[in-house]
Amino acid sequence: MAERTSITAPFRHETFRTLWLATLFSNLGGLVQAVGAGWMMTTLTTSHNMVALVQASNTLPIMVFSIAAGALADNFDRRSVMLVAQSGMAVVSLLLAVTAWMGLLNPWLLLTFTFLIGCGTALFNPSWQASMGDIVPREDLPGAVTLNAMGFNMMRSVGPAVGGMIVAFAGASAAFAVNAVSYLALIGALWRWKPQRVKARLPRENLGSAMWAGVRYMSLSPNLLSVLFRGFLFGFAAIVIMALLPSVSDEYVGGGALVYGTLLGCFGLGAIAGAFLNGRVRQRFSNEAIVRLACLGFALSCVGLAFSRDPLLSHLVLLPAGACWVLSLSLFNVSIQLSAPRWVVGRALSLYQTATFGGMAGGSWIWGLTADAADPQWALVLAAGVLILCLLVGLRLPLPQFNDRDLNPLGTFNEPLLKLDLMPRSGPILIMIDYQIAQEDIPRFLALMSERRRIRIRDGARQWAVLRDLEKPNVWVESYHVPTWVDYVRHNLRRTKADADNTEQLRALHRGPGMPVVHRMIERQTVPLDDTTPLRESPEV
């Protein structure tokens, strides 16, 4: 069955193989750095909150800057964006290593460096995730996302242990230096990758408009909003283990940096197992059932870790936590990628990451404060309760199933030949579409128009309205505005093949001669003394 082989199918593509292998080394370095930063903070301060803020400082930039990074991913060459992000992180990591080696680090300076590395991650992630649809075909996309998660967690199974050994024998500065070197493999692989470039038909959107377009699209996509909210809740609660594991290792398990690394390694091994089980689990259970099982399993792991004082048991309870982590987060990611068209997929993924990593950043801070006020044990128990809440939310906001809606561009729009000589920025533009609808078809027409409104506004229309002629009640008019002519063209180019069904059904209800009549008008809210929009010169015969 195709679904059974989907996890390995992306390896048939050479570009994916090369980049995937390069990310393994980059992820290894990042995890070694995380161990070094987490452990160094325990040597610089006794505050549980400051230890937890190491994790928060790494995830907070993803919440703050991901929307802008998603807009860049959708409007610029993604390869170039990723090269800038990786190069920047390499420089920051090298500076961190030098500063630590010179003994100049203090808690706030360490948080500053980890925050800057998080900024690089925020810039890199949307372009990297959105590139999966450019590297592999749609049918291999779930496998590619799962393999990326599996690759990260393969490194998580060995990286923390390696990091623990490096910190134990060579110090945190050596761990930071390893991370700086690890970026070189991915920088080299990205430099060699030559993706096919499609010449842009329209000028780029400015950053503010592009960000707002992504927010608008997500806000008018109920299924995607459900994924965002569940991702936020899961990230907020599940990050408790990553945030407090240095404290748990130190106070409950009684180990040093090496034991902390092996605990993280067990979490990574569980995640690898979850990745291998992903295909079979998706075959047997609905998306919502998988998320509920993941929430329950992670909650039980949190409780087990909270009350365990045995090193072996503490290691074992992290195995199911890792599996639940990758099952849920990879499912959220695939749901976003398969439910958003290519023109907005970077922004959709960035908003998902904003929600999920925002939850993680907030959770790291809240659970750190809870551990300081009470005890890490009760922070873990309270986080388990939030995971149960995430499970129960699914009763009202279930996760959508994957579907076969074709989100490729419809590609049927031809820019009309205008008689006025418009500039691309001319506007505002008013669009009016005339329909003649029989009385018995009005309920169906209004239902279709309700869906039409969502599609129009989602793709950039403003001031949408439907009007009915008082003297000719069978005449209905759909109207909306766009700011400029280029926005009107972009609005039409965003239509997907899945949207075509709504258009065809509306045309089928139209009882007038020919197709519904479209009026495209440039609006003037004042009366100019001169005509600033001259007639277009007719071509010579």
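Converting from the sequence shown to our numbering requires adding 1120 to each position, the first position being numbered 1. Glycine included, every Cβ here is placed at the ideal spot set by N, Cα and C. This structure is a prediction, so every number in the text was calculated from the model and none was measured.
May I ask which residues mark the beginning and end of the beta strand (DSSP E) holding residue i?
{"i": "Arg-1312", "result": "Counting along the chain, Arg-1312 falls outside any beta strand (DSSP E), though it belongs to the alpha helix (DSSP H) covering 1292–1312."}
{"i": "Arg-1588", "result": "1582–1588"}
{"i": "Ile-1553", "result": "1549–1556"}
{"i": "His-1601", "result": "1595–1602"}
{"i": "His-1639", "result": "1637–1642"}
Assign residue i to buried or exposed, taking buried as 16 or more other Cβ atoms, counted over all protein chains shown, within 10 Å of its Cβ.
{"i": "Asp-1260", "result": "buried"}
{"i": "Trp-1228", "result": "exposed"}
{"i": "Gly-1390", "result": "buried"}
{"i": "Leu-1587", "result": "exposed"}
{"i": "Glu-1643", "result": "exposed"}
{"i": "Asp-1579", "result": "buried"}
{"i": "Asn-1667", "result": "This structure cannot speak to residue 1667, because the chain is shown only from 1121 to 1661."}
{"i": "His-1639", "result": "exposed"}
{"i": "Asn-1195", "result": "buried"}
{"i": "Phe-1233", "result": "buried"}
{"i": "Gln-1559", "result": "exposed"}
{"i": "Asp-1589", "result": "exposed"}
{"i": "Pro-1544", "result": "exposed"}
{"i": "Gly-1634", "result": "exposed"}
{"i": "Pro-1659", "result": "Residue confidence is low: Pro-1659 scores 46 on pLDDT, short of 50, so the model does not pin down where it sits. Its coordinate-derived value is still stated next. Exposed."}
{"i": "Asp-1619", "result": "buried"}
{"i": "Phe-1664", "result": "With the chain running from 1121 to 1661 in the structure shown, residue 1664 is simply not present."}
{"i": "Pro-1536", "result": "exposed"}
Among the residues of its own chain, which have a CB less than 7 Å from the CB of residue i, if the five just before and after it don't count?
{"i": "Ala-1191", "result": "Leu-1327, Ala-1330, Met-1331, Gly-1334 and Arg-1467"}
{"i": "Val-1347", "result": "Phe-1452, Ser-1455, Ile-1456, Tyr-1472 and Leu-1519"}
{"i": "Ala-1281", "result": "Gly-1381, Thr-1382 and Gly-1385"}
{"i": "Ala-1297", "result": "Ala-1217"}
{"i": "Phe-1136", "result": "Pro-1130, Ile-1255, Val-1256 and Ala-1264"}
{"i": "Gly-1482", "result": "Phe-1356"}
{"i": "Val-1401", "result": "Ile-1410 and Leu-1447"}
{"i": "Gly-1478", "result": "Met-1183 and Phe-1352"}
{"i": "Ala-1295", "result": "Val-1152, Gln-1153, Val-1155, Gly-1156, Gly-1283, Ile-1286 and Val-1287"}
{"i": "Asn-1299", "result": "Gly-1149, Gly-1150, Val-1152, Gln-1153 and Ser-1213"}
{"i": "Arg-1429", "result": "Tyr-1372"}
{"i": "Leu-1236", "result": "Val-1212"}
{"i": "Val-1661", "result": "Unreliable positioning characterises Val-1661 in this predicted model, as indicated by a pLDDT of 36, which lies under 50. A coordinate reading is not provided."}
Residues in its own chain within less than 6 Å of residue i by CB, not counting five upstream and five downstream?
{"i": "Leu-1164", "result": "Pro-1227"}
{"i": "Val-1637", "result": "Asp-1554"}
{"i": "Ser-1484", "result": "Ala-1172, Gln-1175, Ala-1176, Ile-1359 and Ala-1363"}
{"i": "His-1168", "result": "Ser-1367, Gly-1488, Ala-1491 and Asp-1492"}
{"i": "Ala-1414", "result": "Cys-1444, Leu-1447 and Ser-1448"}
{"i": "Leu-1436", "result": "none"}
{"i": "Ala-1122", "result": "Note on Ala-1122: pLDDT 38, under 50, position unreliable in the model; no value is reported."}
{"i": "Thr-1125", "result": "Residue placement at Thr-1125 is flagged as unreliable, the pLDDT there being 47, under the threshold of 50; the coordinate-derived value follows with that caveat. Nothing listed; no residue qualifies."}
{"i": "Ala-1419", "result": "Ala-1504, Leu-1507 and Ile-1508"}
{"i": "Ala-1220", "result": "Ala-1292, Ser-1293 and Phe-1296"}
{"i": "Ser-1251", "result": "Arg-1198"}
{"i": "Ser-1421", "result": "Val-1437, Pro-1440 and Ala-1441"}
{"i": "Gly-1394", "result": "Ala-1443, Val-1446 and Leu-1447"}
Going along the chain, which residues of its own chain have a beta-carbon closer than 8 Å to the beta-carbon of residue i, five neighbours each way excluded?
{"i": "Phe-1427", "result": "Gln-1497"}
{"i": "Glu-1371", "result": "Pro-1496"}
{"i": "Val-1513", "result": "Phe-1349, Arg-1350 and Leu-1353"}
{"i": "Arg-1412", "result": "Leu-1511 and Gly-1514"}
{"i": "Leu-1340", "result": "Arg-1574, Ile-1577 and Arg-1578"}
Could you tell me which residues DSSP puts in a beta bridge with residue i?
{"i": "Thr-1616", "result": "Pro-1529"}
For the alpha helix (DSSP H) containing residue i, name the first residue and the last one.
{"i": "Leu-1511", "result": "1496–1513"}
{"i": "His-1435", "result": "1431–1459"}
{"i": "Leu-1488", "result": "As written in the sequence, residue 1488 is Gly, which differs from the Leu given in the question. Start and end: 1465–1493."}
{"i": "Leu-1322", "result": "First-last for Leu-1322: undefined, no H or E at that position."}
{"i": "Glu-1571", "result": "1562–1578"}
Spell out whether any CB of chain B is found under 8 Å from the CB atom of residue i.
{"i": "Ala-1189", "result": "Going by chain labels, chain B is absent from the structure shown, which holds only one protein chain."}
Practice item. Kindly provide the ranges of any alpha helix (DSSP H) runs that are 4 or more residues long and lie completely inside the segment 1328–1397, ordered along the chain. Key: Fully enclosed alpha helix (DSSP H) runs of 4 or longer: 1342–1368.
Exercise for review: Quick one: which unbroken alpha helix (DSSP H) runs of 4-plus residues sit fully inside the segment 1402–1428? Chain order, please.
Suggested key: Counting whole runs of 4 or more residues, the segment 1402–1428 contains the alpha helix (DSSP H) stretches 1407–1427.
Point to revise | Segments assigned alpha helix (DSSP H), at least 4 residues, entirely inside the segment 1218–1294 | key: Taking only runs of at least 4 residues, the alpha helix (DSSP H) segments lying wholly in the segment 1218–1294 are 1227–1255 and 1261–1290.
Check your understanding: Whole alpha helix (DSSP H) runs in the segment 1129–1198 with 4 or more residues, listed along the chain?
Key -> Scanning the segment 1129–1198 for uninterrupted alpha helix (DSSP H) segments of 4 residues or longer gives 1134–1164 and 1168–1195, listed from N- to C-terminal end.
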